[in-house]
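Structure, as structure tokens:
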Amino acid sequence: MSYDEVLMSTNADEIQIEMAPEMCLPIITNYFFCEICGENFLSKNELRKHKTTHKAPKIFSCNMCLKIFTKKYNLQQHLLSHTGERPHICQICNKGFTRKKYLVEHYLVHTGEEPFVCADCNEGFITEEELKDHEMLHTGGYFGNLVYQLQLSLLATRQPSEKFLL
Numbered sequence: 066m067s068y069d070e071v072l073m074s075t076n077a078d079e080i081q082i083e084m085a086p087e088m089c090l091p092i093i094t095n096y097f098f099c100e101i102c103g104e105n106f107l108s109k110n111e112l113r114k115h116k117t118t119h120k121a122p123k124i125f126s127c128n129m130c131l132k133i134f135t136k137k138y139n140l141q142q143h144l145l146s147h148t149g150e151r152p153h154i155c156q157i158c159n160k161g162f163t164r165k166k167y168l169v170e171h172y173l174v175h176t177g178e179e180p181f182v183c184a185d186c187n188e189g190f191i192t193e194e195e196l197k198d199h200e201m202l203h204t205g206g207y208f209g210n211l212v213y214q215l216q217l218s219l220l221a222t223r224q225p226s227e228k229f230l231l
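With our numbering applied, the sequence shown corresponds to residues 66 to 231, in that order.
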């Protein structure tokens, strides 16, 4: 079997190649290839890992609204939206949350801590998402810069007692 035939072959898991030294090609033994795409591997383990890329991802679907998820955990979290269950409860105000992450963020409301700070104006935020939304005002994304400039000009023209209205 020629070297090219080995590379194109898709009907065996293991191939041994022995070629004459004058052909200047390496001698390959125990060469493994994927029968789906023809890619070659030096070990069965590499081939086994590669074959998982050809498998369809697992799909988890909600039996109430037919939304689909690729991770079981995400489906479980989604199901809470149908049941109204909020298993993560704030010890301070008894507000419930579907995810522990949201409870942790909520505690910052009680402490007043704002760990995410805008580099442009030093305004603080509880979540990174809020900071990213705010930064759009400075960068002009979503017409943010225009809105930000309008807010600044409105604040400049108002009396101190009116500034809370924005």
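Think of the CB as a built atom: it goes at the ideal place given N, C-alpha and C, for glycine as much as any other residue.
query                                                                                                                                                      : result
Expressed to the nearest angstrom, what Euclidean distance is found between the alpha-carbon atoms of N105 and Q142?                                       : 41 Å
At the level of alpha carbons, what is the spacing between F97 and K123?                                                                                   : 27 Å
Confirm, please, whether the CB-CB distance from L107 to F125 is below 7 Å.                                                                                : no
Closer than 6 Å by C-beta to I101: which residues in its own chain qualify, once you throw out the five before and the five after it? Chain order, please. : H119
Sort out for me which residues DSSP pairs S126 with in a bridge.                                                                                           : I133
How big is the Cα-Cα spacing for K136 and E195?                                                                                                            : 26 Å
State the DSSP-derived secondary structure class of P91, mapped to helix, strand or coil.                                                                  : With a pLDDT of 49 at P91, under the threshold of 50, the modelled position of this residue cannot be trusted, and the question is left open.
Under a Cβ-count criterion, where at least 16 other Cβ atoms within 10 Å of its own Cβ denotes burial, should L112 be classed as buried or exposed?        : buried
Going straight from the alpha carbon of C155 to that of R164, what length do you get?                                                                      : 12 Å
Tell me which residues share the same chain as I157 and place their Cβ nearer than 6 Å to its Cβ, disregarding the 5 neighbours each side in the sequence. : H175
Locate the alpha helix (DSSP H) running through Y96, then write down its first and last residues.                                                          : From DSSP, Y96 is part of no alpha helix (DSSP H); its letter is neither H nor E.
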